[in-house]
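Participant:
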Amino acid sequence: MMALLFLASSIPGSSFALRSGYSLAAHALAYGLLGVLVLHALAGGRWRDVTGRHAAGAVLIAGLYGLGDEIHQRFVPGRSAELLDLGADVAGALCGVLLVWACGIVLSIRQPGPGERP
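So the sequence shown is numbered by the numbering used here: it starts at 140 and just counts up by one.
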């Protein structure tokens, strides 16, 4: 996912332009997915084991990657670093992580773990 984001941000601005609203939505969606994937990795691939520390770490990692990506775009012809894009990146990561974490909590409450009786 990180490689895809890097490649997409390496395309010169004139050949990969979206309208502002669509661009922010694309940022939020992409970084929401990145946040979820990082969360899954930090939790060792077990949704039931997600903690607040995992969630905070996932948002932090995705946000820092977004910051690095915005800095990278300053060096791509026709592109620029935008604070609004970074905000959409962090907001998307936060929403994705919170949504998946909440779903994991609900599922762990409703389903017994291995070896437990229903």
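Note that beta-carbon positions come from the ideal geometry of N, C-alpha and C, so glycine has one too.
For the alpha helix (DSSP H) holding Ile200, just list the boundary residues, first then last.
Facilitator: Gly191 to Gln212 is the span of the alpha helix (DSSP H), which, as asked, contains Ile200.
Participant: With burial defined as no fewer than 16 other Cβ atoms inside 10 Å of the residue's Cβ, what is the status of Asp228: buried or exposed?
Facilitator: Buried is the call here.
Participant: Am I right that Val245 and Gly174 are in contact with their C-beta atoms under 8 Å? What's the rounded C-beta distance?
Facilitator: About 19 Å separates the two Cβ atoms, so there is no contact after all.
Participant: Is it the case that the segment 197-217 contacts the segment 164-184, given that we only count it when at least three CB pairs across the two stretches are under 8 Å?
Facilitator: Touching, yes.
Participant: If you reduce the DSSP assignment to three classes, tell me which class Ile150 lands in.
Facilitator: Of the three classes helix, strand and coil, the one that applies to Ile150 here is coil, per DSSP.
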